Structure formats: C-alpha cells, structure tokens
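Enquirer: If you're matching them up, the sequences are chains B and U in order. Just add 1000 to wherever you are in the first sequence, counting from 1, and you've got this note's numbering. Just add 1000 to wherever you are in the second sequence, counting from 1, and you've got this note's numbering. All C-beta atoms, glycine included, are put in the ideal place defined by N, C-alpha and C. Fair warning: this is a prediction, and the values are worked out from it, not measured in the lab.
Number of protein chains: 2
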Amino acid sequence: MTKKTDGKQIPQRVVSRLAMYYRVLSQLEQGGIERVSSRELGEMMGITPSQIRQDLSYFGEFGQQGYGYRVSNLYKEISKILGLEKQHTMVLIGVGNLGRALASYTNFRRRGFELVAAFDVREEVVGKKVADIEIKLMTELRSFLKENPVDIGVITVPASQAQQVADILTQEGVKGIWNFAPIKLSVPENVIVEHVHISDSLFALSFRLREKNS
Amino acid sequence: MTKKTDGKQIPQRVVSRLAMYYRVLSQLEQGGIERVSSRELGEMMGITPSQIRQDLSYFGEFGQQGYGYRVSNLYKEISKILGLEKQHTMVLIGVGNLGRALASYTNFRRRGFELVAAFDVREEVVGKKVADIEIKLMTELRSFLKENPVDIGVITVPASQAQQVADILTQEGVKGIWNFAPIKLSVPENVIVEHVHISDSLFALSFRLREKNS
DNA sequence: TAGATTGTTAATCGATTAACAATC
DNA sequence: TAGATTGTTAATCGATTAACAATC
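1) Starting from the beta carbon of Asp1200(B), find every residue of chain U whose beta carbon is closer than 8 angstroms, and list them in chain order.
2) Mind checking whether Leu1205(B) and Ile1081(U) have CB atoms under 8 angstroms apart?
3) Would you decide whether Ser1186(U) is buried or exposed? Buried here means 16 or more other CB atoms lie within 10 Å of its CB.
4) Let me see if you follow: with CB-CB separation under 8 angstroms, is Phe1144(U) close to chain B or not?
5) Residue ranges of each alpha helix (DSSP H) run of no fewer than 4 residues wholly in the region 1138-1162 of chain B, ordered along the chain?
6) Establish whether the CB of Ser1104(U) and some CB of chain B are separated by less than 8 angstroms.
7) For Gln1064(U), list the residues DSSP reports as bridge partners.
8) Using 8 angstroms as the limit for Cβ to Cβ distance, is Asp1151(B) near chain U?
9) Taking the CB atoms as reference points, tell me whether Leu1145(U) and Glu1124(U) lie closer together than 8 angstroms.
10) Just the C-alpha distance for Arg948(U) and Gln1161(U), rounded to the nearest angstrom, thanks.
11) Using the Cβ count rule (16 or more neighbours within 10 Å means buried), how would you classify Arg1208(B)?
12) I want to know whether the region 1042-1058 of chain U touches the region 1085-1104 of chain U - three or more CB-CB distances under 8 angstroms.
13) Straight-line CA distance for Val1196(U) to Met1138(U)?
14) With a Cβ-Cβ cutoff of 8 angstroms, do Glu1198(B) and Ile1155(B) count as a contact?
15) Given a cut-off of 8 angstroms, decide if Leu1025(U) and Tyr1075(U) are closer than it, judged by their beta-carbon atoms.
16) With a cut-off of 8 angstroms, does the C-beta of Lys1129(B) fall near any C-beta of chain U?
17) Let me make sure I understand the geometry here. Which of Leu1141(B), Ala1118(B) and Gly1042(B) has the alpha-carbon closest to that of Val1130(B)?
18) Taking the Cβ atom as the reference point for each residue, do Val1150(U) and Val1126(U) lie within a distance shorter than 8 angstroms?
19) For chain U, is any of its Cβ atoms less than 8 angstroms away from the one on Gly1083(B)?
20) Indicate the three-state DSSP secondary structure (helix, strand or coil) for Ile1093(B) in the structure shown.
21) State yes or no: is the beta carbon of Lys1076(B) nearer than 8 angstroms to at least one beta carbon in chain U?
22) Among Ala1166(U), Arg1070(U), Ser1037(U) and Glu1077(U), which one has its Cα closest to the Cα of Gly1153(U)?
23) Within its chain, find whatever has a CB closer than 8 angstroms to the CB of Glu1034(B); leave out the 5 residues flanking it on each side and keep chain order.
24) Give the residues of chain B in contact with Leu1181(U), contact being defined as C-beta atoms less than 8 angstroms apart.
25) So Val1196(U) contacts chain B; which residues on that side make the cut at Cβ distance below 7 angstroms?
26) Strictly under 8 angstroms for the Cβ-Cβ distance: is Arg1039(U) near chain B by that measure?
27) Taking the CB atoms as reference points, tell me whether Leu1202(U) and Phe1113(B) lie closer together than 8 angstroms.
28) Could you list which residues in chain U have their beta carbon closer than 9 angstroms to that of Met1045(B), in chain order?
29) State the start and end residues of the unbroken beta strand (DSSP E) segment that holds Leu1115(U).
30) Against Gly1176(B), what residues of chain U qualify as contacts under a CB-to-CB distance less than 7 angstroms, listed in chain order?
31) With 8 angstroms as the threshold, decide whether the Cβ of Arg1100(U) is near any Cβ in chain B.
32) Determine the burial state of Thr1048(U): buried for a count of at least 16 other Cβ atoms within 10 Å of its Cβ, exposed for fewer.
33) Assign Pro1182(U) to buried or exposed, taking buried as 16 or more other Cβ atoms, counted over all protein chains shown, within 10 Å of its Cβ.
34) Between which residues of its own chain and Ala1019(B) is the CB-CB distance below 8 angstroms, once the five residues before and five after are set aside?
35) With 16 other CB atoms within 10 Å as the buried threshold, where does Glu1085(B) fall?
36) Hey, how far is the Cα of Asn1148(B) from the Cα of Glu1194(B)?
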C-alpha cells in the first residue's frame, strides 16, 4: 500500500497516459463494467499490459492478483492523482472562435475547472457573454487578477500577443498556463505551461499521408 | 546529398519535432534572419544541437560545416518533408464551436489545406456558412464523398457519433482523419488518424500543478 | 484447489547525447 | 589559415517489454 510518489519525478509520457486511462475508465464505468484487467485495458488502448502495470506502480497498488482492477476504484484513484478532485479557477484571454469553443466546453466545469472571467482586446465584444461569463476588456486583466485568485490562464490570443499576456499572468501569481498560441512562452521556472499546438498534428498527418504514398 | 528516407520508418517523436522546427524557422524567416546553427536553434527550442542534427539526418544534408543552416533553405526543405507544398482537401464534420474555430483558421488554407465542405446533423444550421462554406446535412456526407475527392476528414462531433462518421469517411476513400472526439477510432490500417485530445493536456497541467505543491 | 493476474525486477529496445573527423 | 559547425558513429540514458514469484 505504500505510495511511491515519494520524490521521484514522474515522466511526461506517464502523465499523458494517465489522462488516457482516465478517459477509457470513464467510458467503462459509464458502460457499467465492474472489473478490468491490464490485459483488457491494454487491448482497448493499443498498449502492453506491462506498461499499464508499470505506469500505475508509480502511484501505488490498485489491483488484486487474479482479479484485475475494480473500474470504479481505479477511475477514482486516477482522478485523484490527476488532481481532478480539486477545484481550479481559470481565466480565458482571447475570445475568438477557439476561446469561445473552450469556454463552452461544459466537460471542464464538470471536472472542476471553473471559468471565472474572459478577456479580449476588441471593444465590440466587451460586455457580451461566453458561457455565461461577461467578457471584459484586456486592460482589466491585471486588476482582476490582483483581486481574484486564479489558478490557470488559458491563452487563445494571436502568437504576437501571447508572451505579453503570459507576463501579466505570471506577474500576478497565476501558476499554470494552458497555451494555444503557436509560440514558446518564457515564464518563471515555478510556472507550468502546457502547450497545445493544434496545427502541429495536422502537419504530422500531412507527413504520414505523404510517407505512405512513397 | 543522398536522401536517407529510404525505407526506414521515421519515429513519431521526430515527426512532431519537425513541426516544431517548421514553426520556429518560419518565425526566423519572418524576422529576416539568414543563417542559424543547430546550437542556436536548440537554445531557442530547449533541445540539444545533437538532436536537431540527428533528426535532420533522417532526411538529408541541409547544412554547411562552419556555417550552419540557411534559414530560408531549411524552412523550405522541412516544408517539403512535411508535405506542405502539396494541396490537401478537407471536409469538416460537426460544426459546433470547435469546428467553427478550425474552419475559420486561415493559416491552414495558406499551408495548402482547403476546406471543401462542412456537415452537421442539426437542420437549423444547414444552409448557413462557416468560412465561406455552406453547411450541409450530415446525410449528404456519403454522396458528397462519392463525387468529390477528399484527402482529410476533420471530426469534431461528440464522441458518441465519431466512430460512425469515421466509418463513412474510410468507406468512401478518405485516407487521413484529424480527430478531435475524445475516443479511439477503429479504422482500416491504411488510414492514418491523428488524435487531438485537448482535455488531456488540461489534465496533465492539473497533475503538474498538484505535483509541484506536494 | 487451479487459474488468473498483479506488482516488480531484470532484459531489451530505442532514443538522446557526446564525441570527433571532415570541411567550409 | 584558424575557428566554427556539420553529419555520423559510438556511448549513454531512459523507457518499454518480458518474466516470474506472490497471491487472490
């Protein structure tokens, strides 16, 4: 039962697989499945049972010999590991099409990510709403952050403005940035940035299509 | 000058770094920079010069001893490698917020990805437009594909409908799928799928925020 | 009990980094 | 020329897979 989280730094690859496990387990639970083995999980996800057991062993012992894993239990444990049982507050900067899509994605709220404000530079959208949040003018970002505790900043502005926004966020104490601008941000080392480079994966698709036909 | 593409399968990691190189080089070129060394590139991207040279060596020799790389040249070569000099046609299935965001992202068109049609199940959006494309009813998808050559299908429907859409796409000869539904698609082995699991990266951010504070 | 499956240690595989001769 | 930097081979590192004792 000893947790193995002690000190050891968890590889990035393991963390992203945790998110996959979480997703699959959520489907299994919704499907009313009660137990699952690493072999079955592996088949569903296209990875080896060994890898699953190895990954989980970073965090503890969640299974039972001869039986496998209780779906509802493993789901809850992984949810805890990912920090999805905590509440997170988010601000959105840049209410374009993508920002709007993210704001409206109700699953985030369900998982404990609460959007508390949205900002844009364009005066004409100010006062309108996304996902029941009133859009504020970008110039109010700093003062808002001073008065409201915010965990995560979601950046969906053009690349040219992203660094500037990141600077305000980090100066005002935001500790996590979810960045959709196609640019590498410089931030203090205690701030965590997750980049989502959507177009990179389209380019990879293009490459693999080409590779196949040659 | 011998290309090394011969047979050897390129690791997925290398492909996704190619997309990064492409992005950085595009910035350098726009900034009017003429030459760059692997050391400089590495510093900008936070990876080792060795890795850059190793990656590039999969595809040929693009540099010059004592000088480095000519930015415009390397940019063009990587663009070729990624297949971005070819024209690709795309259809979009699911015109929700995310679909709308992708359709409006003009950079794709600039890179040779042309959206030729968009589909949705909701009758009320049919006939309206996204990015100058008239939205069609989902039931017309199959017949459209029979009459028009399409390279890539972009899936932005809910998870529950994604497999069904993927089946139609692959049956009608689409060879690449860009999937935003949070589910693993089963497709024939000659079809290439790129998944973008946006929420996975938010979960990873949540994990790393938690990890830091413990 | 016999069969199944875990958690973990050891072996293998692949990817990253270091080193260096070649040469601009 | 001397200094810089490539492309590539070899060394190292880390991640994945296999194997197996423990045990439900």
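Expert: Put simply:
1) Counting from 1 along the first sequence, the entry for residue 1200(B) is found at position 200. From the beta-carbon of Asp1200(B), the residues of chain U found nearer than 8 angstroms are Ser1016, Ala1019, Met1020 and Arg1023.
2) To locate residue 1205(B), count along the first sequence from 1; it is residue 205. To locate residue 1081(U), count along the second sequence from 1; it is residue 81. No. Outside cutoff.
3) By one-based count along the second sequence, residue 1186(U) stands at place 186. Of the residues assessed, Ser1186(U) falls on the exposed side of the cut-off, its CB having fewer than 16 other CB atoms within 10 angstroms.
4) Residue mapping note: residue 1144(U) aligns to position 144 of the second sequence, counting from 1. Any Cβ of chain B closer than 8 angstroms to the Cβ of Phe1144(U) would place that residue at the interface, and such an atom is absent.
5) Listed in chain order, they are 1141-1147.
6) In the second sequence, counting from the first residue as 1, residue 1104(U) sits at position 104. Put simply, the CB of Ser1104(U) is near chain B, with a gap under 8 angstroms to one of its CB atoms.
7) Mapped onto the second sequence, residue 1064(U) falls at position 64. Bridge partners of Gln1064(U) according to DSSP: Gly1068(U).
8) Position 151 of the first sequence, counted from the start, is the residue given in the question as residue 1151(B). Residue-level contact by beta carbon holds for Asp1151(B) and chain U, with a gap shorter than 8 angstroms.
9) Taking the second sequence and counting its residues from 1, the one referred to as residue 1145(U) is at position 145. Taking the second sequence and counting its residues from 1, the one referred to as residue 1124(U) is at position 124. Not a contact, by the Cβ cut-off of 8 angstroms.
10) There is no way to answer for residue 948(U), as the model of chain U reaches only from 1001 to 1214.
11) For the purposes of this step, residue 1208(B) is identified with residue 208 of the first sequence, where counting begins at 1. Buried, by the Cβ-count rule.
12) Output reads no: the region 1085-1104 of chain U does not touch the region 1042-1058 of chain U.
13) Sequence index remark: in the second sequence, residue 1196(U) carries index 196 (1-based). Sequence index remark: in the second sequence, residue 1138(U) carries index 138 (1-based). So the alpha carbons of these two residues sit roughly 22 angstroms apart.
14) Reading the first sequence from its first residue, position 198 is the one you call residue 1198(B). Reading the first sequence from its first residue, position 155 is the one you call residue 1155(B). For clarity, residue 1198(B) is Ile in the given sequence; the question names Glu instead. No, these two residues do not count as a Cβ contact at 8 angstroms.
15) Taking the first residue of the second sequence as position 1, residue 1075(U) is located at position 75. Taking the first residue of the second sequence as position 1, residue 1025(U) is located at position 25. In this structure, Leu1025(U) lies closer than 8 angstroms to Tyr1075(U) by Cβ.
16) Counting from one through the first sequence, the residue named residue 1129(B) turns up at place 129. Residue contact check for Lys1129(B) against chain U: no CB pair falls below 8 angstroms.
17) Taking the first residue of the first sequence as 1, we reach residue 1130(B) at position 130. With distances taken between CA atoms, Val1130(B) lies nearest to Ala1118(B) out of Leu1141(B), Ala1118(B) and Gly1042(B).
18) Your numbering for residue 1150(U) matches position 150 in the second sequence. Your numbering for residue 1126(U) matches position 126 in the second sequence. Cβ atoms of Val1150(U) and Val1126(U): not closer than 8 angstroms.
19) To locate residue 1083(B), count along the first sequence from 1; it is residue 83. Chain U, which has a Cβ nearer than 8 angstroms to the Cβ of Gly1083(B), makes this yes.
20) As a position in the first sequence, residue 1093(B) is number 93, starting the count at 1. Correct three-state label for Ile1093(B): strand.
21) The residue you call residue 1076(B) lines up with position 76 of the first sequence. Interface residue (Cβ-Cβ distance to chain U less than 8 angstroms): Lys1076(B) is not classified as such.
22) Sequence index remark: in the second sequence, residue 1153(U) carries index 153 (1-based). The shortest Cα separation from Gly1153(U) among Ala1166(U), Arg1070(U), Ser1037(U) and Glu1077(U) belongs to Ala1166(U).
23) Residue 1034(B) sits at position 34 when you count from the first residue of the first sequence. Counting only Cβ-Cβ distances below 8 angstroms, and skipping sequence neighbours, we find Arg1070, Val1071 and Ser1072.
24) Taking the second sequence and counting its residues from 1, one reaches residue 1181(U) at position 181. For the sequence presented, residue 1181(U) should be read as Ala rather than Leu. Chain B residues near Ala1181(U): none, gap ~11 angstroms exceeds 8 angstroms.
25) Position 196 of the second sequence, counted from the start, is the residue given in the question as residue 1196(U). Ile1198 and Ser1201, listed in chain order.
26) Along the second sequence, one-based indexing puts residue 1039(U) at 39. For Arg1039(U), no CB of chain B lies under 8 angstroms from its own CB, so it is not counted at the interface with that chain.
27) Sequence index remark: in the second sequence, residue 1202(U) carries index 202 (1-based). Sequence index remark: in the first sequence, residue 1113(B) carries index 113 (1-based). Closer than 8 angstroms, so yes.
28) Residue 1045(B) sits at position 45 when you count from the first residue of the first sequence. Listed along chain U, the residues sitting closer than 9 angstroms to Met1045(B) by beta-carbon distance are Lys1184.
29) Within the second sequence, the letter at position 115 stands for residue 1115(U). From DSSP, the beta strand (DSSP E) with Leu1115(U) extends over Phe1113 to Asp1120.
30) The sequence position of residue 1176(B) within the first sequence is 176, counting from 1. Neighbours of Gly1176(B) on chain U, chain order: Leu1205 and Leu1209.
31) The residue labelled residue 1100(U) in the question sits at position 100 within the second sequence. Any Cβ of chain B closer than 8 angstroms to the Cβ of Arg1100(U) would place that residue at the interface, and such an atom is present.
32) To locate residue 1048(U), count along the second sequence from 1; it is residue 48. Thr1048(U) is classed as exposed because its beta carbon has fewer than 16 other beta carbons within 10 Å across all chains shown.
33) Residue numbering aside, residue 1182(U) sits at position 182 when the second sequence is read from its first letter. Classification for Pro1182(U): buried.
34) Against the first sequence, residue 1019(B) aligns to sequence position 19. Answer for Ala1019(B): Leu1082, listed in chain order.
35) Counted from its first residue, the first sequence places residue 1085(B) at position 85. Burial call: exposed.
36) Stepping through the first sequence from its first residue, residue 1148(B) is reached at position 148. Stepping through the first sequence from its first residue, residue 1194(B) is reached at position 194. Between the C-alpha atoms of Asn1148(B) and Glu1194(B) there is a straight-line separation of about 22 angstroms.
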